[in-house]
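Report on the structure given below.
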Amino acid sequence: MPRSKRFDRYNPFFLTLLSFFFLSWCLTSPAYSNELDRFAGKQGNITISGGTAHIPVMTELARKVRDFNPKIYITVHGGGSANGIKQVGQGMADIGNSGRPLNDHERQQYNLREIPFAIDGIAPIVHPSNPVSNISSASIRKIFSGEITNWREIGGEDQPIILYGREAASGTRDIFWKKMLLNGSFSPETRIVDSNNAMKIVVSWEKYAIGYLSIGHIDMDKVKPLITDDIQPNQTNAMLGKYTIVRKLYMNISENPTELTRLFVEYVLGPAGHDAIKASGYIPLH
146 MPRSKRFDRY
156 NPFFLTLLSF
166 FFLSWCLTSP
176 AYSNELDRFA
186 GKQGNITISG
196 GTAHIPVMTE
206 LARKVRDFNP
216 KIYITVHGGG
226 SANGIKQVGQ
236 GMADIGNSGR
246 PLNDHERQQY
256 NLREIPFAID
266 GIAPIVHPSN
276 PVSNISSASI
286 RKIFSGEITN
296 WREIGGEDQP
306 IILYGREAAS
316 GTRDIFWKKM
326 LLNGSFSPET
336 RIVDSNNAMK
346 IVVSWEKYAI
356 GYLSIGHIDM
366 DKVKPLITDD
376 IQPNQTNAML
386 GKYTIVRKLY
396 MNISENPTEL
406 TRLFVEYVLG
416 PAGHDAIKAS
426 GYIPLH
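According to our numbering, the sequence shown is numbered sequentially starting from 146.
See the structure below:
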């Protein structure tokens, strides 16, 4: 059955095993009593760009490295998954974060290593005061295609629905389009924002708006995730396979990364990264 296949795919034990094969290249690194000791005596720059879902984790870990060793400067930019992949592929960034796997074109054009490190769900969101709380995935598809245009059609107030979506380069958009909308069309009336944080802000301002957001970015006092097909979209249900609009978060690096890049990737995959991933609302893969 489809549900059981999805469960197996996102079962944490399966994903941990999968991560092992992706990450075997760094398992020969020495053990450190303090995770930050790997950066002692080092200097240089690391540029990180790409998916905005990754920014809280990367920013927090970059800050800790910078505090430990001010001679290491790490910049963290957004820009969307496609841009992050392109920039690392073209040598303009050291780590290109993405909320989706590389597509066939990217695999052929760039010689990159995909390193999955977390699981994240994507939820449809509305303003907290919106009376609509539970919705079917079929209704969500009709809303985002423009077939349903008024909240009263799904039990809400007699007000037009204001649609918000992400830019084409967004990994969040790509997964929402494929898994929630089943590759369906977006309404031309959709207003575009360029990050998870921007999505959260505009929906928190617009009482009759609807958008979609990385679950790790949800603040319940600002936006309300919609219960979908009677399943609450949260990370626990994503981990258990009950909520299936989920994706892995990746770090993409070159086949021959700089020493600092390799050390930072190891740091993300270690205990400090595990804690930062959980604190940011995501599910660690290791």
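We put the beta carbon where it would ideally sit given N, CA and C, even for glycine.
query: Expressed to the nearest angstrom, what Euclidean distance is found between the alpha-carbon atoms of Tyr412 and Asn341?; result: 25 Å
query: Excluding sequence positions up to five away, which residues of its chain have a Cβ less than 8 Å from the Cβ of Gly310?; result: Phe289, Arg318, Phe331, Thr335, Arg336, Ile337, Val338, Gly356, Tyr357
query: Looking at C-alpha atoms only, which residue of Phe321, Leu414, Ile360 is the closest neighbour of Glu312?; result: Phe321
query: Can you check DSSP and say which residues form a bridge with Ile337?; result: Gly310
query: Use the C-beta contact count for Gln232: other C-beta atoms within 10 angstroms, 16 or more gives buried, fewer gives exposed.; result: buried
query: Quick check on this structure: which residue in Ile398, Lys216, Leu327, Ile280 has the alpha carbon closest to the alpha carbon of Ile299?; result: Ile280
query: With DSSP as the reference, identify every bridge partner of Pro257, one or two as the case may be.; result: Inspection of the sequence shows that residue 257 is occupied by Leu rather than by Pro. BP columns for Leu257 point to Ser399.
query: For Phe262, which of helix, strand or coil comes out of DSSP?; result: strand
query: Comparing alpha-carbon positions, which option in Gly418, Ser315, Leu408, Gly329 lies nearest Ser243?; result: Ser315
query: Could you please give the first and the last residue of the uninterrupted beta strand (DSSP E) stretch that includes Tyr357?; result: 354-359
query: Taking only the alpha-carbon atoms, compute the straight-line gap between Asn397 and Arg258 and give it to the nearest angstrom.; result: 6 Å
query: State the start and end residues of the unbroken alpha helix (DSSP H) segment that holds Val210.; result: 200-213
query: Spatial neighbours of Thr192 within its chain, please: CB distance less than 7 Å, with the 5 preceding and 5 following residues excluded, ordered by chain position.; result: Thr220, Ala238, Asp239
query: Starting from the Cα of Asn179, find the closest Cα among Ala198, Lys287, Tyr388, Gly418 and give me that residue.; result: Gly418
query: One question on the structure: do Gly117 and Asn275 come within less than 9 Å of each other, judged by their Cβ atoms?; result: Examination of residue 117 is not possible in this model, given that the chain is present from 146 through 431 alone.
query: Which whole-angstrom value describes the C-beta separation of Gly266 and Pro378, a residue pair presumed to lie in contact below a C-beta threshold of 8 Å?; result: 6 Å
query: Quick check on Leu394: does DSSP put it in helix, strand or coil?; result: strand
query: Is it buried or exposed, Thr381, if we count other Cβ atoms within 10 angstroms and call 16 or more buried?; result: exposed
query: Along the chain, where does the alpha helix (DSSP H) that runs through Tyr412 open and close?; result: 404-414
query: DSSP three-state call for Thr389: helix, strand or coil?; result: coil
query: Under a three-way DSSP split, which group does Asn328 fall into?; result: coil
query: Using the three-state DSSP reduction, which class does Asn190 fall into: helix, strand or coil?; result: strand
query: Using only alpha-carbon positions, find the residue among Leu308, Ile360, Glu404, Lys345 that is nearest to Tyr388.; result: Ile360
query: Using 10 angstroms around the beta-carbon of Leu385, count the other beta-carbons present and answer buried if the total reaches 16, otherwise exposed.; result: exposed
query: What's the gap between the Cα of Val271 and the Cα of Ile376?; result: 16 Å
query: Counting C-beta neighbours from all protein chains within 10 Å, is the total for Ala263 16 or more, i.e. buried, or is it exposed?; result: buried
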